[in-house]
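Beneath this line is the structure, given in structure tokens, with notes to follow.
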Ligand SMILES: Nc1ncnc2c1ncn2[C@@H]1O[C@H](COP(=O)(O)OP(=O)(O)OP(=O)(O)O)[C@@H](O)[C@H]1O
Ligand SMILES: [Mg+2]
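Chains as they are written, first to last, in my numbering: chain E, -8 to 278; chain F, 52 to 306.
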């Protein structure tokens, strides 16, 4: 069991530069396609410090999920080095817990059995793992739904089950790929609050991938803005907003300034993406 | 299947029964008024009357048990070998590429026509019948198992990888349960194929349970009895598959 859940909450001041726990060094990913290689990620470097909340933001198709898969150890064909606490990643690393962009609960397991899944793998006795699972179910606010099947829940609830399942494995680094992308705005904001609260409670080191500026600014200590194809690191923005934060911060003036700044960066990339899409579509319809 | 259509829908049930009743009444009328020769098709009322006779005089319970045992044996073999076959095809891509097409072709082949070959190998015994049922029904079980395993959503497999599952764990904890609903469909299809073929072969080789009864009654030119026996077989299979569906639903809650 990791010590992170036992440590007292850190002060609400901006995070002190802790030790680096995740290091991505000159990452370069190319996919072989019938039309030749497609460069998905070009020369991305980043460092996540212990206890930090770092977001990667970028337009659709810029290679965010690719970075996610590389850090999670699911995609091993790449150049550059990714390491966790100095250890190079060559496959899924036990310190990293992943929450996926798509719906990923197991439909044949109840909520509590879904959440207890990683504990089952460690061979924890049943009574103990159900108790642990209950703890994480409560943390994501799903108490009372333990015996339900995912098919009986809403999309937002299912995504919380996935989150609880990943948290139950007590990863040193929580890695999330647009976990709220499929949800409506209100649910997204409330779930964002939940994630922030949990992150604060566990002092959870988190790497969030998103294309939502509000979400990124609301939650992050730092934001890495990526360019549209090939995906490069464009800028790192430090978000100097007081913690603990909730979705109420969205109305503040400082918040607006950050959003405007990141939007200015992103707009250029997103519009490049759009024209790119249009030309390829025109080309497609012409042929 | 949506949840709404699952529940007992009384109206749909009534309409279904109503259609059947109307069909029987029309047949009865056509035959009674001489549009259809009653020596080719006996009127439904006569068929209904001969039910009792067929059940009492022809030892139908014994025959039913015989056919049921054959089906059950073929079913167990189907499930075991079909699922194993599907898993092997999924596991070894070369095997899949090599075999999938002709297994699919075999699924639509009239295996029943090969009954002389089976007679030579297994003799005029229940095993001939069981083996034909088994061989005829194996392809859908293999194919559906393969389909279920291959169609498991990638993200679920990736969840397993992210938790560092061994290949064995990945199979038993993710692939297999994810494929189970599709495998059940395959087994149900397989049992339908098996039942059809088993009764058919019983009829053809004049041996065993309900199929032989139909053969006998037909040879005696007892048409009403023949149709009554056919109705009985249909009734048995309907009850059989309705209960299979029940079991299936009970085994996979809230999918
Ligand atoms: N397996 C693959 N084979 C070929 N090209 C791929 C593959 N996976 C991704 N790509 C390409 O790499 C680029 C980046 O894809 P990626 O999924 O990382 O984008 P993304 O930023 O996550 O997009 P979104 O926000 O829509 O999820 C895209 O142009 C995509 O077409
Ligand atoms: Mg993505």
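Glycine included, C-beta positions come from ideal geometry on N, C-alpha and C.
The structure presented is a predicted model; accordingly, all values stated were derived computationally and were not measured.
Residues in the same chain with beta-carbon distance under 8 Å from residue i, minus the five sequence neighbours each way, listed in chain order, please.
i                      : result
residue 142 of chain E : 98
residue 79 of chain F  : 94, 95, 96
residue -2 of chain E  : Because residue -2 of chain E sits at a pLDDT of 40, beneath the cut-off of 50, its placement in the model cannot be relied upon, and the point is left open.
residue 82 of chain E  : 64, 67
residue 63 of chain F  : none
If you compare alpha carbons, which of the options is closest to residue i?
i                      : options                    : result
residue 127 of chain E : E/116, E/140, E/109        : E/109
residue 72 of chain E  : E/19, E/96, E/237          : E/19
residue 227 of chain F : F/240, F/211, F/242        : F/211
residue 162 of chain E : E/37, E/75, E/69           : E/75
residue 190 of chain E : E/41, E/11, E/10           : E/41
residue 163 of chain F : F/176, F/187, F/145        : F/187
residue 278 of chain F : F/128, F/225, F/91, F/107  : F/91
residue 43 of chain E  : E/51, E/192, E/52, E/242   : E/192
residue 101 of chain F : F/298, F/268, F/296, F/220 : F/268
residue 153 of chain F : F/74, F/291, F/194, F/273  : F/194
residue 215 of chain F : E/222, E/138, E/84         : E/84
residue 290 of chain F : F/260, F/103, F/119        : F/119
residue 56 of chain E  : E/253, E/202, E/252, E/254 : E/202
residue 182 of chain E : E/196, E/11, E/146         : E/146
residue 276 of chain F : F/108, F/142, F/286        : F/108
residue 95 of chain E  : F/156, F/271, F/225        : F/225
Going along chain F, which residues have a C-beta under 8 Å from residue i?
i                      : result
residue 91 of chain E  : 206, 209, 210
residue 160 of chain E : 214
residue 66 of chain E  : Going along chain F, no residue has its Cβ under 8 Å from residue 66 of chain E, so there is no contact; the nearest lies around 10 Å.
residue 109 of chain E : 214
Can you pull the DSSP bridge partners for residue i?
i                      : result
residue 175 of chain E : According to DSSP, which records beta bridges pairwise, residue 175 of chain E is partnered with nothing at all.
residue 70 of chain E  : E/19
residue 167 of chain E : E/90, E/199
residue 39 of chain E  : E/13
residue 24 of chain E  : E/27
residue 46 of chain E  : E/199, E/214
residue 114 of chain F : Answer by DSSP bridge pairing: none, since residue 114 of chain F is not bridged.
residue 233 of chain F : Answer is none; residue 233 of chain F lacks a bridge partner.
residue 224 of chain E : E/217
Could you name the residues of chain F that residue i contacts, counting a contact when the two beta carbons are closer than 7 Å?
i                     : result
residue 95 of chain E : 206, 207, 210
residue 63 of chain E : 213
residue 85 of chain E : 215
Determine, using beta carbons only, whether residue i and residue j come nearer to each other than 7 Å.
i                      : j                      : result
residue 232 of chain E : residue 47 of chain E  : no
residue 211 of chain E : residue 230 of chain E : yes
residue 168 of chain E : residue 237 of chain E : no
residue 257 of chain F : residue 266 of chain F : yes
residue 284 of chain F : residue 252 of chain F : no
residue 246 of chain F : residue 288 of chain F : yes
residue 93 of chain E  : residue 206 of chain F : yes
residue 137 of chain F : residue 242 of chain F : no
residue 169 of chain F : residue 128 of chain F : no
residue 283 of chain E : residue 242 of chain E : The displayed coordinates of chain E run from -8 to 278. Any statement about residue 283 of chain E would go beyond what the structure contains.
residue 29 of chain E  : residue 22 of chain E  : yes
residue 146 of chain F : residue 260 of chain F : no
Please work out which residues of its chain come closer than 6 Å, Cβ to Cβ, to residue i, disregarding the five sequence neighbours upstream and downstream, and give them in chain order.
i                      : result
residue 198 of chain F : 233
residue 88 of chain E  : 157, 160, 162, 165
residue 199 of chain E : 46, 167
residue 13 of chain E  : 39, 75, 164
residue 68 of chain F  : none
residue 179 of chain F : 169, 170, 173
Residues in the same chain with beta-carbon distance under 7 Å from residue i, minus the five sequence neighbours each way, listed in chain order, please.
i                      : result
residue 240 of chain E : 209, 232, 246
residue 281 of chain F : 265
residue 131 of chain E : 151, 154, 155, 185
residue 256 of chain E : 216, 225, 226
residue 134 of chain F : 192, 196, 234
residue 140 of chain E : 98, 101
residue 250 of chain E : 204, 205, 208
Which bits of chain F does residue i rub up against, with CB to CB less than 9 Å?
i                      : result
residue 112 of chain E : 214, 215, 216, 220, 224
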